[in-house]
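Counting from 1, position 104 in the sequence shown corresponds to residue 104 in UniProt numbering; the numbering is continuous, with no gaps. Even glycine gets a Cβ: it sits at the ideal position worked out from N, Cα and C. As the structure is a computational prediction, the values presented were derived from the model and not from experiment. Single-structure report; data block below.
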Amino acid sequence: MTGPQLDGLCVRDLRVTFDGFTAVDGVDLDVPPGDIRFLIGPNGAGKTTVVDAVTGLVRATGSVRFGDRELLGRDVHRIARLGIGRTFQTASVFEELTVVQNLDIAAGATRSWWTLARRRNRIPDEVAAALETIGLADRGDQPAGALAHGQKQWLEIGMLLVSDARLLLLDEPVAGMSHEERDATGALLETVSRDRTVVVIEHDMDFLRRFARSVTVLHAGKVLSEGTVAQVQADPRVQEVYLGVDTAPEA
Ligand SMILES: Nc1ncnc2c1ncn2[C@@H]1O[C@H](COP(=O)(O)OP(=O)(O)O)[C@@H](O)[C@H]1O
Ligand SMILES: [Mg+2]
């Protein structure tokens, strides 16, 4: 079975301004196909705004290319149809609907009416596959509202999978999760990145060390540092700004 086409994300000179305040100030990012890129930085660094700009939620200047497509200037729905999916810091699933219904709705966005009619009486293959991938195969009939916090985040990721997202942008997916849920989420990211490109905004350093393939550090709207986990951790500018460690040499 061949998966979806793997593409990378290429951001150039991205700028977002809110009423004269520059929240994203000339960001360049190259996320190669199949990467798990962690985007870190202090609160207010501009991480969420970068994702908002890539997904068309805020106006931005510069260039954002996914594969050979320019995303800037397209509307949110068009960008989603090009295979860009994101989650928000607070999970947004339909609580009263079952897990399968949530996935079905997400899949329906890209499905034609005759496919819907043909499949009405059984769980569509891509929904069944997503249920398995996100580890909720035995929860399909439960209302999403009854899921644990971590499971709701997985359901959201599953909804991106069935909607054919090929670039996943996840905003603090493990916030509030238990250790076990974090481990399961990391394993899920590794599975998903086999045929997709993943960008994760995350604060949890332990989670980052274990699952990041590469890291970009943002500070005050700019890229402060970039590289492997080890490279970024060894960067004195990161220690100073992000970890609050004063690395200035003694006078
Ligand atoms: N819609 C908005 N209007 C005005 N300022 C905003 C808006 N969204 C974000 N900001 C500001 O932009 C900066 C970056 O915010 P954000 O991208 O949410 O940071 P992060 O996700 O790194 O914590 C912050 O100073 C924030 O207050
Ligand atoms: Mg944020």
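Asked                                                                                                                 : Found
Check: T216 C-beta below 7 Å from any heavy atom of ligand 2                                                          : no
Neighbourhood of A107 by C-beta distance below 7 Å, restricted to the same chain and skipping five residues each side : P124, E126, V127, V162 and S163
Nearest-angstrom Cα separation, counted from G20 out to I157                                                          : 35 Å
Range covered by the beta strand (DSSP E) that runs through E226                                                      : K222 to G227
Any non-hydrogen atom of ligand 1 closer than 7 Å to K152 Cβ                                                          : no
Contact set, ligand 1 heavy atom to C-beta under 5 Å                                                                  : F18, A23, N43, G44, A45, G46, K47, T48 and T49
Identity of the residue in L72, T191 and L82 nearest V64 by Cα                                                        : L72
Coarse secondary structure for T90, derived from DSSP in three states                                                 : coil
Residues of its chain near K47, where Cβ-Cβ distance is below 7 Å and the 5 sequence neighbours each way are ignored  : L39, G41, I201 and L218
Candidates L188, G176, V54 and V93, of which the one nearest E132 by Cα                                               : L188
Range of the contiguous alpha helix (DSSP H) that encloses D35                                                        : Note, D35: premise wrong, no alpha helix (DSSP H); not H, not E.
Euclidean distance between Cα positions of T98 and G176                                                               : 23 Å
Cβ separation of G221 and A23, assumed to be a contact under 8 Å, to the nearest whole Å                              : 6 Å
Inter-residue spacing [alpha-carbon to alpha-carbon] between T247 and L170                                            : Model confidence at T247 stands at a pLDDT of 49, short of 50, so the residue's coordinates are unreliable and nothing is read from them.
Segment limits, alpha helix (DSSP H) that includes V99                                                                : V99 to G108
Residues of its chain near T49, where Cβ-Cβ distance is below 7 Å and the 5 sequence neighbours each way are ignored  : V16, A23, V24 and V58
Any non-hydrogen atom of ligand 2 within 7 Å of Q89 CB                                                                : yes
Cβ shell of S193 (< 6 Å), same chain only, five flanking positions each side left out                                 : G34 and I36
Own chain residues within Cβ distance below 7 Å of R69, not counting five before or after                             : L82
L155 vs L168 beta-carbon contact at 8 Å                                                                               : no
Close beta carbons around A251, own chain, < 6 Å, minus the five adjacent residues each side                          : For A251, the predicted model reports a pLDDT of 43, less than 50, meaning its position is unreliable and no value from the coordinates is stated.
In DSSP terms, what L6 is bridged to                                                                                  : Answer by DSSP bridge pairing: none, since L6 is not bridged.
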